[in-house]
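Q:
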Amino acid sequence: MTATIAQKIQQFYDESSPLWERTWGEHMHHGYYGSTGQHKKNRRQAQIDLIEEALKWANVRSADTILDVGCGIGGSTLYLAEKFSAKAVGITLSPVQAQRAGERAIEKEIALTAWENFADVDAPAVQFQVTDALATPFPDNAFDFIWSMESGEHMPDKQSFLRECYRLLKPGGTFLMATWCHRSTDNLAGALTTSEKQHLDWLYQLYHLPYVISLPAYAELATQVGFTDLTTADWSAQVEFFWQDVVQSALNLEAIAGILQSGTETMRGTAAIALMTTGFRRGLIRYGLLSGSKA
Ligand SMILES: C[S@@+](CC[C@H](N)C(=O)[O-])C[C@H]1O[C@@H](n2cnc3c(N)ncnc32)[C@H](O)[C@@H]1O
Numbered sequence: 001m002t003a004t005i006a007q008k009i010q011q012f013y014d015e016s017s018p019l020w021e022r023t024w025g026e027h028m029h030h031g032y033y034g035s036t037g038q039h040k041k042n043r044r045q046a047q048i049d050l051i052e053e054a055l056k057w058a059n060v061r062s063a064d065t066i067l068d069v070g071c072g073i074g075g076s077t078l079y080l081a082e083k084f085s086a087k088a089v090g091i092t093l094s095p096v097q098a099q100r101a102g103e104r105a106i107e108k109e110i111a112l113t114a115w116e117n118f119a120d121v122d123a124p125a126v127q128f129q130v131t132d133a134l135a136t137p138f139p140d141n142a143f144d145f146i147w148s149m150e151s152g153e154h155m156p157d158k159q160s161f162l163r164e165c166y167r168l169l170k171p172g173g174t175f176l177m178a179t180w181c182h183r184s185t186d187n188l189a190g191a192l193t194t195s196e197k198q199h200l201d202w203l204y205q206l207y208h209l210p211y212v213i214s215l216p217a218y219a220e221l222a223t224q225v226g227f228t229d230l231t232t233a234d235w236s237a238q239v240e241f242f243w244q245d246v247v248q249s250a251l252n253l254e255a256i257a258g259i260l261q262s263g264t265e266t267m268r269g270t271a272a273i274a275l276m277t278t279g280f281r282r283g284l285i286r287y288g289l290l291s292g293s294k295a
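At position 31 of the sequence shown the residue is numbered 31 (the UniProt record's numbering), and the sequence of numbers has no breaks.
See below:
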């Protein structure tokens, strides 16, 4: 039987997350290297700076109830719950990630509570669950801040993903996503070339991405599902250095041994690093931010 894209994503993160955490820590996203991308710094700090800069960019200063869509091992979920003294739910397709995120909450002494019982506990409190972002069990208008850090690229139906986030967002709340995109085709550069399509196809196979779209295409879909106050930004220059840092840190014997031992999924992910580096360099891969609200 052929595995569905969701099953492949689950397997990828089930297998690769323990090694990622051992090698690179709890955040599974790019780092922010200053507005020009030239500010070299510790990688973990760069990843935290990306969270902080994105919050600043979207003018998010407070939140009571947060949904972290595609939460990994809870890096952002726990960070945001603590920062805003909020109640936060993290969802992922990977049971291994959900389990580890819960353990990390306990290690950090943050209450791990079923979200139905959030009213009975003091903030911060968190819950992690295996749930597909395209069809979640939460009621309408449940969260005042919805955060999606590098999960949009995995969504097989970008419009359904945005529609679900819109449904879950409280009126007046903020939706903020950061995601891998391809370059805009709505300009002189025109449609993607055969070579660019081939490059993306390899990346899709290696990272279990159904497809990526351009940032203007995201903005159009977000408008269609009802988001208001839409803002977008291209932060490719600010984050691109991350891959050089990943390559450097992977070049130690412990990381290589881990990659070899932790299965084919991780080895495929490692090959994808080369495609990301060259994809950014040729202007094909773009790093997009989008924020919106609900009237
Ligand atoms: C690159 S990781 C990012 C993790 C986290 N946001 C961070 O920054 O550390 C992508 C995450 O998206 C999740 N994901 C992908 N497709 C999903 C879906 N359809 N529903 C829920 N989560 C999904 C994966 O399980 C994984 O946790």
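By construction, the Cβ of each residue, glycine as well, lies at the ideal position given by its N, Cα and C atoms. Small disclaimer: the values here were computed from a predicted structure and weren't measured.
Which of the three DSSP states is assigned to M155 in this structure?
A: Against the sequence shown, residue 155 aligns to sequence position 155. Coil at M155, not helix or strand.
Q: Out of P156, V239, T277, E240, state which residue places its alpha-carbon closest to the alpha-carbon of H199.
A: Position 199 of the sequence shown, counting from 1, holds the residue named residue 199. Nearest option by C-alpha distance: T277.
Q: Just mark I106 as buried or exposed, buried being the case when its beta carbon has 16 or more other beta carbons within 10 Å.
A: For the purposes of this step, residue 106 is identified with residue 106 of the sequence shown, where counting begins at 1. Flag for I106 reads exposed.
Q: What do you reckon, are the CB atoms on Y287 and W202 nearer than 7 angstroms?
A: Residue mapping note: residue 287 aligns to position 287 of the sequence shown, counting from 1. Residue mapping note: residue 202 aligns to position 202 of the sequence shown, counting from 1. The answer is no: Cβ separation not under 7 angstroms.
Q: From what residue to what residue does the beta strand (DSSP E) around S94 run?
A: As a first step, residue 94 is located in the sequence shown; it is residue number 94 there, counting from the start. No beta strand (DSSP E) holds S94; DSSP gives it neither H nor E.
Q: Given this structure, state the Cα-to-Cα distance separating A58 from A88, to the nearest angstrom.
A: Residue 58 sits at position 58 when you count from the first residue of the sequence shown. Residue 88 sits at position 88 when you count from the first residue of the sequence shown. Whole-angstrom Cα-Cα distance: 18 angstroms.
Q: Cβ of L93 within 6 angstroms of any heavy atom in ligand 1?
A: What you label residue 93 is simply residue 93 of the sequence shown in a count that begins at 1. For ligand 1, at least one heavy atom lies less than 6 angstroms from the Cβ of L93.
Q: Are the beta-carbon atoms belonging to Q97 and I66 less than 7 angstroms from one another?
A: What you label residue 97 is simply residue 97 of the sequence shown in a count that begins at 1. What you label residue 66 is simply residue 66 of the sequence shown in a count that begins at 1. For Q97 and I66, no; Cβs fall outside 7 angstroms.
Q: Do the region 116-124 and the region 28-41 meet, that is, are 3 or more Cβ pairs less than 8 angstroms apart?
A: At 8 angstroms Cβ cutoff, the stretches do not touch.
Q: For ligand 1, is there a heavy atom less than 6 angstroms away from the beta-carbon of L149?
A: The count along the sequence shown starts at 1 and reaches residue 149 at position 149. Looking at the sequence shown, residue 149 is not Leu but Met. Within the cutoff, so yes.
Q: Going by the DSSP bridge assignment, what does I146 pair with across the sheet?
A: Walking along the sequence shown from the start, residue 146 turns up at place 146. Paired residues: L67, F175.
Q: Going by beta-carbon coordinates alone, are S94 and Q10 separated by less than 7 angstroms?
A: Locating residue 94 in the sequence shown gives position 94, counting from the first residue. Locating residue 10 in the sequence shown gives position 10, counting from the first residue. In contact: S94 and Q10 (Cβ atoms closer than 7 angstroms).
Q: Taking the alpha carbon of E82 as the point to measure from, which residue in R22, A123, L50 has its own alpha carbon closest?
A: Locating residue 82 in the sequence shown gives position 82, where the first residue counts as 1. Ranking R22, A123, L50 by Cα distance to E82 puts A123 first.
Q: Which partner residues does S17 have in the DSSP bridge list?
A: Within the sequence shown, the letter at position 17 stands for residue 17. None; S17 has no bridge partner.
Q: Work out the CA separation of S62 and residue 296 for me, nearest whole Å.
A: Outside the shown range of the chain, which is 1 to 295, sits residue 296, and nothing can be said about it.
Q: Among A272, E220, E196, whose alpha-carbon lies nearest the alpha-carbon of G283?
A: Against the sequence shown, residue 283 aligns to sequence position 283. Comparing Cα-Cα distances from G283 to each of A272, E220, E196, the minimum goes to E196.
Q: By the 10 Å Cβ neighbour count, where 16 or more other Cβ atoms means buried, how is S214 classified, buried or exposed?
A: Taking the first residue of the sequence shown as position 1, residue 214 is located at position 214. By the neighbour-count rule (16 or more Cβ atoms within 10 Å), S214 is buried.
Q: Just the Cα atoms here: how many angstroms apart are D132 and S148?
A: For the purposes of this step, residue 132 is taken as the residue at position 132 of the sequence shown. For the purposes of this step, residue 148 is taken as the residue at position 148 of the sequence shown. Cα-Cα distance, rounded: 13 angstroms.
Q: Report the rounded CA-to-CA distance for Q7 versus H208, giving the unit in angstroms.
A: Residue 7 sits at position 7 when you count from the first residue of the sequence shown. Residue 208 sits at position 208 when you count from the first residue of the sequence shown. Rounded to the nearest angstrom, the two C-alpha atoms are 10 angstroms apart.
Q: Quick check: the Cα distance between Q224 and T77, rounded to an integer number of angstroms?
A: Your numbering for residue 224 matches position 224 in the sequence shown. Your numbering for residue 77 matches position 77 in the sequence shown. Whole-angstrom Cα-Cα distance: 28 angstroms.
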